[in-house]
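Asks: Sharing a structure here in structure tokens format.
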Amino acid sequence: MLKQFCFSNGYCISKLFSDVASRISFEKRKEFLYMLDDIISGKVERVVITYKDRLSRVGFELFYHLFKKYNCEIVVMSEIGSQKLDSEEIFEEIVTLLHCYSMKLYSKRKGQKIKEILTESEVDENS
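With the sequence shown counted from 1, adding 197 to any position gets you our numbering.
Here's what the structure looks like:
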């Protein structure tokens, strides 16, 4: 879909960057960091993404501004032909943030529960 979009709009694909990691944490996003290095080096003139959150769950406008400073355009396929209100974008960012943090909290609680169960089983074995 992305390649077809680029082809139909006359964009030449010279490199593909792909990460499978949380869009809110950049620690595990090596490809993103390589792309950022290429943008800063002036090697990238356009980044095409399907949706804003494919680049980053939060702070898209920051990346938009940064990329623009290095003469790199961001093209968001889903926004071609549709404009959202600022309030809609803010609402979507809030929902995304809540989802990300609730998943982290759930994950942390699950880890604590497992730790409690292991501690209880050790106590039972020692009794």
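Where a beta carbon is used, it is the ideal one built from N, C-alpha and C, also for glycine.
Every value quoted in this text rests on a predicted model; they were computed, and no experiment measured them.
What residue ranges within the segment 222-255 form continuous beta strand (DSSP E) runs of no fewer than 3 residues, ordered along the chain?
Replies: 243-246
Asks: I'd like to confirm the pairing. Which residues does DSSP put opposite I291 in its beta bridges?
Replies: DSSP output for I291 lists no bridge partner at all.
Asks: Going by alpha carbons, who is nearest to S215 out of Y208, T247, T293, E242?
Replies: T247
Asks: List the residues that DSSP assigns as beta-bridge partners of V273.
Replies: I246
Asks: According to the neighbour-count rule (16 or more other Cβ atoms, all chains shown, within 10 Å of its Cβ), is L295 buried or exposed?
Replies: With fewer than 16 Cβ atoms within 10 Å of its Cβ, L295 is classed as exposed.
Asks: Need the endpoints of the alpha helix (DSSP H) that C209 sits in, please.
Replies: First-last for C209: undefined, no H or E at that position.
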